[in-house]
Amino acid sequence: MSRPIPPGYKTKNWPTYNEALKQRGSLTIWFDPDMVWVPPPTGRRGRQPRYSDAAIQTCLTMKVLFGMALRQTTGFVESLLRLVGLHWTVPDFSTLSRRQKTLSVSIPYRGSHGSLNLLIDSTGIKAEGEGEWHARKHGGAKRRLWRKIHIGVDEQTLEIRAIEITGSNVGDAPMLPELLDQIPAEVELGSVTADGAYDTRKCHDAVADRGAYAVIPPRRNAKPWKPSTAGAIARNEALRASKYLGRAIWRKWSGYHRRSRAETKMHCVKLLGQSLMARDFERQVAELQIRAAVLNGYTALGIPVTEPMG
1 MSRPIPPGYK
11 TKNWPTYNEA
21 LKQRGSLTIW
31 FDPDMVWVPP
41 PTGRRGRQPR
51 YSDAAIQTCL
61 TMKVLFGMAL
71 RQTTGFVESL
81 LRLVGLHWTV
91 PDFSTLSRRQ
101 KTLSVSIPYR
111 GSHGSLNLLI
121 DSTGIKAEGE
131 GEWHARKHGG
141 AKRRLWRKIH
151 IGVDEQTLEI
161 RAIEITGSNV
171 GDAPMLPELL
181 DQIPAEVELG
191 SVTADGAYDT
201 RKCHDAVADR
211 GAYAVIPPRR
221 NAKPWKPSTA
231 GAIARNEALR
241 ASKYLGRAIW
251 RKWSGYHRRS
261 RAETKMHCVK
271 LLGQSLMARD
281 FERQVAELQI
291 RAAVLNGYTA
301 LGIPVTEPMG
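Be aware that the sequence shown starts at 1, since it is given in the UniProt record's numbering, and climbs by one per residue.
As structure tokens, this is what we get:
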């Protein structure tokens, strides 16, 4: 029996998408004069903060985009402010480093129309250690540290709606409820798509509690669960369907292939850097959250609209 030929796809909005790709490389940077650069007094005792979270995030965004050190970031932002005629002071490198540790990063998103279909995936990114070439040639250092990124991507807009950063010793499944908690309760969840690593009772129950449908393939040696919860009942139905139809047909029927869009988004995260510049965990979390904010800004410029050919 010959293998089926995968369908080809054609981009319907190529002129618009092409213009969006060009805008991603534009060096035009807008500073809103009404932006709160210096925060109002907090009313607490002690020295008041000189820069708002928005100002710190703006500087760190430049750092992530251009891969600069903190001192270079300060000089770069100073030159930008002089060019646009804004007489704002710029935080020095020590202020940026200190505030990055406790920064509450704002990740913008547009939101989708209708129910939200969330695509879940995770990957690792290097935090410490030699590069891949040095590790292959010389064996690498004994200490190689990795961080794990867990994201939830909106299927319709391809924006990152939820993100968690953990150590490499944390599994995938325990973080799915944490990702769902980042979605506001008033947002209707239609489906949650993830790979077989999330085929656990805790994950299925978390999805069922939000009233969503879990598109999670049962493991190859999966057995039916005791139908004590709504998540277990839905998982048993998926298990019966995959055994009756076959795993390949079930994946096509359930739309499991949509999860590849989350893998593509993970690739985009690593395009901003194969390793982290920060050296402690709190600053690494802020750095990765800023990457997510940058990617959402890129995605808002335009995404391709495709249709199958033939």
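We put the beta carbon where it would ideally sit given N, CA and C, even for glycine.
Other residues of its chain near residue 24: CB distance less than 8 Å, five sequence neighbours each side excluded: 298 and 301
For residue 308, three-class secondary structure by DSSP: strand
Under 9 Å between C-beta atoms of residue 308 and residue 51: no
Cβ separation of residue 73 and residue 103, assumed to be a contact under 8 Å, to the nearest whole Å: Wrong, their Cβ atoms sit about 14 Å apart, outside the cutoff.
C-beta atoms of residue 118 and residue 191 nearer than 9 Å: yes
Distance CB(residue 293)-CB(residue 122) smaller than 9 Å: no
Three-way DSSP call (helix, strand, coil) for residue 215 in this model: strand
Continuous beta strand (DSSP E) assignments of at least 3 residues falling wholly in the region 30-54: none
Alpha-carbon to alpha-carbon, residue 17 and residue 79: 31 Å
Whole-angstrom distance between residue 244 and residue 222, CA atom to CA atom: 14 Å
Straight-line gap, residue 1 to residue 56 (C-alpha atoms, nearest Å): The pLDDT assigned to residue 1 is 49, lower than 50, so where the model puts this residue is not dependable; a value taken from the coordinates is nonetheless given after this. Approximately 60 Å, taken between the alpha carbons.
Residues near residue 216 by beta carbon distance below 6 Å, same chain, minus five either side: 194, 198 and 199
For residue 202, the first and last residue of its enclosing alpha helix (DSSP H): 201-209
Range covered by the beta strand (DSSP E) that runs through residue 121: 116-128
Through-space distance from residue 49 to residue 213, alpha-carbon basis: 45 Å
Contacts around residue 189, its chain only, beta-carbon distance under 6 Å, and the 5 residues preceding and following it disregarded: 116, 210 and 212
For residue 9, three-class secondary structure by DSSP: strand
C-alpha distance - residue 185 paired with residue 139, whole-angstrom precision: 48 Å
Rounded straight-line distance, which links the Cα of residue 46 to that of residue 284: 28 Å
Spatial neighbours of residue 124 in its chain, beta-carbon cut-off 8 Å, leaving aside the 5 residues before and after: 146, 147, 148, 149 and 168
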